[in-house]
Amino acid sequence: WAGGYPEIVKENELFERYYRELGIVPNGEWGDFMAALREPLPATLRITGYRSHAKEILHCLKEKYFKELQDLEVDGQKVEMPQALSWYPEELAWHTNLSRKILRKSPQLEKFHQFLVSETECGNISRQEAVSMIPPLLLNVNPHHKILDMCAAPGSKTAQLIEMLHADMNVPFPKGFVIANDVDNKRCYLLVHQAKRLNSPCIMVVNHDASSIPNLQIDVDGRKEVLFYDRILCDVPCSGDGTMRKNIDVWKKWTTQNSLQLHGLQLRIATRGVEQLAEGGRMVYSTCSLNPIENEAVIASLLEKSQGALELADVSSELPGLKRMPGVTKWKVMLKDGQWFEEWKDVPSNRQTQIRPTMFPIKDEEKLKAMNLERCLRILPHHQNTGGFFVAVLIKKSPMPWNKRQPKVHQKLPQRTGETEVAAANSDNGSECITEEPTLAENEESKKAQELQNSDTEQSKKEGVCGPPPSKKMKLFGFKEDPFVFLPEDDPLFLPIQKFYALDPSFPKMNLLTRTQEGKKRQLYMVSKELRNVLLNNSEKMKVINTGIKVWSRNSDGEQFGCAFRLAQEGIYTLYPFIHARIINVCIEDVKILLTQENPFLSKFSSETQKKVKDMAMGSIVLKYDPDPEKPDDLQCPIVLCGWQGKTSLRAFVPKNERLHYLRMMGVEVFKAKRKEEESESKTEEEVQHRLAQTDEGMDVEDKEHDLVMKMEAEIGEESSDSPVESSAMEVENKIEHLDQSSKNANSHVSQESKDTDTSNVKG
Numbered sequence: 158w159a160g161g162y163p164e165i166v167k168e169n170e171l172f173e174r175y176y177r178e179l180g181i182v183p184n185g186e187w188g189d190f191m192a193a194l195r196e197p198l199p200a201t202l203r204i205t206g207y208r209s210h211a212k213e214i215l216h217c218l219k220e221k222y223f224k225e226l227q228d229l230e231v232d233g234q235k236v237e238m239p240q241a242l243s244w245y246p247e248e249l250a251w252h253t254n255l256s257r258k259i260l261r262k263s264p265q266l267e268k269f270h271q272f273l274v275s276e277t278e279c280g281n282i283s284r285q286e287a288v289s290m291i292p293p294l295l296l297n298v299n300p301h302h303k304i305l306d307m308c309a310a311p312g313s314k315t316a317q318l319i320e321m322l323h324a325d326m327n328v329p330f331p332k333g334f335v336i337a338n339d340v341d342n343k344r345c346y347l348l349v350h351q352a353k354r355l356n357s358p359c360i361m362v363v364n365h366d367a368s369s370i371p372n373l374q375i376d377v378d379g380r381k382e383v384l385f386y387d388r389i390l391c392d393v394p395c396s397g398d399g400t401m402r403k404n405i406d407v408w409k410k411w412t413t414q415n416s417l418q419l420h421g422l423q424l425r426i427a428t429r430g431v432e433q434l435a436e437g438g439r440m441v442y443s444t445c446s447l448n449p450i451e452n453e454a455v456i457a458s459l460l461e462k463s464q465g466a467l468e469l470a471d472v473s474s475e476l477p478g479l480k481r482m483p484g485v486t487k488w489k490v491m492l493k494d495g496q497w498f499e500e501w502k503d504v505p506s507n508r509q510t511q512i513r514p515t516m517f518p519i520k521d522e523e524k525l526k527a528m529n530l531e532r533c534l535r536i537l538p539h540h541q542n543t544g545g546f547f548v549a550v551l552i553k554k555s556p557m558p559w560n561k562r563q564p565k566v567h568q569k570l571p572q573r574t575g576e577t578e579v580a581a582a583n584s585d586n587g588s589e590c591i592t593e594e595p596t597l598a599e600n601e602e603s604k605k606a607q608e609l610q611n612s613d614t615e616q617s618k619k620e621g622v623c624g625p626p627p628s629k630k631m632k633l634f635g636f637k638e639d640p641f642v643f644l645p646e647d648d649p650l651f652l653p654i655q656k657f658y659a660l661d662p663s664f665p666k667m668n669l670l671t672r673t674q675e676g677k678k679r680q681l682y683m684v685s686k687e688l689r690n691v692l693l694n695n696s697e698k699m700k701v702i703n704t705g706i707k708v709w710s711r712n713s714d715g716e717q718f719g720c721a722f723r724l725a726q727e728g729i730y731t732l733y734p735f736i737h738a739r740i741i742n743v744c745i746e747d748v749k750i751l752l753t754q755e756n757p758f759l760s761k762f763s764s765e766t767q768k769k770v771k772d773m774a775m776g777s778i779v780l781k782y783d784p785d786p787e788k789p790d791d792l793q794c795p796i797v798l799c800g801w802q803g804k805t806s807l808r809a810f811v812p813k814n815e816r817l818h819y820l821r822m823m824g825v826e827v828f829k830a831k832r833k834e835e836e837s838e839s840k841t842e843e844e845v846q847h848r849l850a851q852t853d854e855g856m857d858v859e860d861k862e863h864d865l866v867m868k869m870e871a872e873i874g875e876e877s878s879d880s881p882v883e884s885s886a887m888e889v890e891n892k893i894e895h896l897d898q899s900s901k902n903a904n905s906h907v908s909q910e911s912k913d914t915d916t917s918n919v920k921g
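Residues in the sequence shown are numbered from 158 upward in steps of one, following the numbering used here.
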């Protein structure tokens, strides 16, 4: 083993033969296309645009870190200056020729690498492949849109969607939300981990097979209606031959068989997506494959059976600067033995299970022309030094033909989550939306059980409890999730909080929830009004993995000062607009002291801060920094920090990476401080409180995700597994203590939900 693993030979004769024959690469460019596929993929990063800090991070990157890379040589290779992606808005996405290995191993780049790791953990930077950024941009999301991300893990596209909802940072609760789904229970925790960095009350992670994801209901003015989404991202599992530059094992594993096996699943998922799309809504279908069988064939089949209900949007004027190829209208089907078929009628009967009619192009020229397949986008690797990718943007003009009668919800019918729902969801032409009347026999047989279930359900709703589905027929995969319990309107817990922080009368206390029904409530979480509506009306049919952001944590010391709950940094930007007491405005020098010293004495702060603190009772506080436009060299974005006022000291309760982020933005050198901090491995009070809360409240989702995320980074052949930033971020997280193994085993019931999604498949 001294020589290491043998180098993978980047050759695949069948691949070259197949794509040469299909002609998806323009004449004269084949050599460039293959040469690009053999080169490693450049590292790309995206600055999250939903925070007011995005411009400050961009300024910091350009003026400090990028300048330090100038004229640098690593292992004899000149480091090129990072370049902004020309088609990404506001210079918020960049690429560089630095490979993952160089970034992680080179001493000259250690400072830059630590910056990337730390900022990724804070959610300020996302390591994401360039082509993967395209689908969310083409969705044209507005803050009021209801969005479904059907195959969301590992979550970088989901993060983009969340950012778009929060385009206006002055609105703490946008009217829109993102429901992010994935079939794989383990990958859902990776998704939670990604989404949590953005601290949004408008994201819900669910665990369903995308091809049969249930219809959800919402309460509209006292009556139940089926939820239709304004925007749907349908980024389906695919063969991943567009990812050869980062997943090099695709070179030796690639055959046409992968595409033939996935085509059916892709079509079912896309069909389920358009069924749940609102009229006038937009769905983006995407894969990281170049193969027409997974791309144009799926879109053509969907358009054909929609009978005019769907149309391909012309997005040629969107994302100027992005080089793209139009969709193809002619293609052939090839078996893994190299045998070609041009039409379905040529396929012998013994091959008709492998090859399906929907895989072939439409023969009717008039129909084909009306489909406008050339409006699809195919991104070729050699055009802009990226991966390969395919995108199609669909607009829904009317209900699908098999759903012409819009779904009705029979309010008096008992909620059923048993076999009829699953059977309907798996019907040949997609999910049947109309609730079926149960048969007389079923009614007789299950009358008592249904009555009992209904009484339990009604009682739960009265109490605001959204637990896992009560039906025994519905299997639960993976961890058994804690229920989501909304705080009752008259809960005595809330009054001291309201009084202590002088909360505005408009504060939506009905949106507060906990994850425990018994014992002391340790953490309070918050969701938007719209997600509360979804949660309360769908707990019987939906497996929710996580939702809400933490806004308050119980602190036993706080009770003597009038409030048992201290503010949590994760939710402070959501809470701040409603808080009218216990706010201390601090200058930039005070902020530096708060972030660099563990528990500084009051005497170290400015005289103005000392005066403000003097008359304030001990306990949890808000520390607010407002930029001074007359001092352009100072930090020019507002900062809100959670803190604690003691008898003689003032301290900030801010996670380590967030501290480092703010210090960097203020021009404080944190590189050495970070090394020292890691060596000492001292735990802050924040971490101690966090651990205490976890012990008392039971196994929270954050615990589960810490166990799983580390495994997932190694297991998934995905953006996250091949990302220098994110995999390194996991190294930082490895320092967090793992849960007791026996506890983990007792809680883990992971199972494979769908045979269709092979773990070897790559999702774009």
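All C-beta atoms, glycine included, are put in the ideal place defined by N, C-alpha and C.
Item, Value
"Close beta carbons around E247, own chain, < 6 Å, minus the five adjacent residues each side", "none"
"Opening and closing residue of the alpha helix (DSSP H) in which N415 lies", "Q414 to E432"
"For G188, the first and last residue of its enclosing beta strand (DSSP E)", "G188 -> not in any beta strand (DSSP E); alpha helix (DSSP H) instead, spanning W187 to R195."
"The region 421-437 touching the region 446-456, judged by at least three CB pairs closer than 8 Å", "yes"
"8 Å contact criterion, which T673 and L688 should meet: CB distance rounded", "Not really, about 19 Å apart at Cβ, beyond 8 Å."
"Helix, strand or coil at Q317 according to DSSP, with G and I counted as helix", "helix"
"Where E876 falls: helix, strand or coil (DSSP)", "For E876, the pLDDT reaches just 43, beneath the cut-off of 50, and the residue's location in the model is therefore unreliable, although a value from the coordinates is still provided. If DSSP states are grouped into helix, strand and coil, E876 belongs with coil."
"Contact check, M326 vs V298, beta carbons under 8 Å", "no"
"Own chain partners of E168 with C-beta closer than 8 Å, once the 5 adjacent residues on each side are dropped", "W408"
"Three-way DSSP call (helix, strand, coil) for A721 in this model", "coil"
"Environment of Q423 [buried if 16+ CB atoms lie within 10 Å]", "buried"
"For S256 and T201, the rounded distance between their alpha carbons", "10 Å"
"Buried versus exposed call for D471 [16 or more other C-beta atoms within 10 Å across all chains shown]", "exposed"
"Spatial distance of S473 from T766 (CA atoms)", "55 Å"
"CB contact flag (C279, H818, <8 Å)", "yes"
"Separation of H323 from S713, as counted between CA atoms", "34 Å"
"Distance CB(M290)-CB(Q317) smaller than 8 Å", "yes"
"Check whether C345 and I702 have beta carbons under 8 Å apart", "yes"
"Where the beta strand (DSSP E) through K686 begins and ends", "Premise fails: K686 lies in the alpha helix (DSSP H), K686 to N695, not in any beta strand (DSSP E)."
"For D378, three-class secondary structure by DSSP", "coil"
"Span of the alpha helix (DSSP H), counted from its first residue to its last, around M683", "Counting along the chain, M683 falls outside any alpha helix (DSSP H), though it belongs to the beta strand (DSSP E) covering Q680 to M683."
"Own chain, CB closer than 8 Å to F334, minus 5 neighbours either side, in chain order", "K303, I304, L322, C359, I360, M361, S685, E687, L688 and V691"
"Test item: CB-CB of C445 and C391 under 8 Å", "no"
"C-beta atoms of L780 and G800 nearer than 8 Å", "yes"
"Span separating the alpha-carbon of H365 from that of Q374", "16 Å"
"Cβ pair P293, Q351 closer than 8 Å", "no"
"As assigned by DSSP and simplified to three states, the class of G399", "helix"
"Residue environment, I873, which counts as buried when at least 16 other CB atoms sit within 10 Å", "Caution applies to I873, whose pLDDT of 42 falls short of 50 and renders its modelled position unreliable; the value that the coordinates give is listed next. Classification of I873: buried, given that the 10 Å Cβ count is 16 or more."
"Start-to-end residues for the alpha helix (DSSP H) that takes in W408", "V407 to K410"
"For I389 and K520, the rounded distance between their alpha carbons", "30 Å"
"Cβ-based burial, K700 [other Cβ within 10 Å; buried from 16]", "buried"
"Residue environment, P477, which counts as buried when at least 16 other CB atoms sit within 10 Å", "exposed"
"L724 CB to nearest heavy atom of the ligand FMN below 7 Å", "Among the components of this structure there are no ligands whatsoever, and the ligand FMN is therefore not found."
"Selected residue, minimal CA-CA separation from K769, among K749, C744 and D785", "C744"
"Length of the line joining the Cα atoms of V166 and T400", "16 Å"
"As assigned by DSSP and simplified to three states, the class of V288", "helix"
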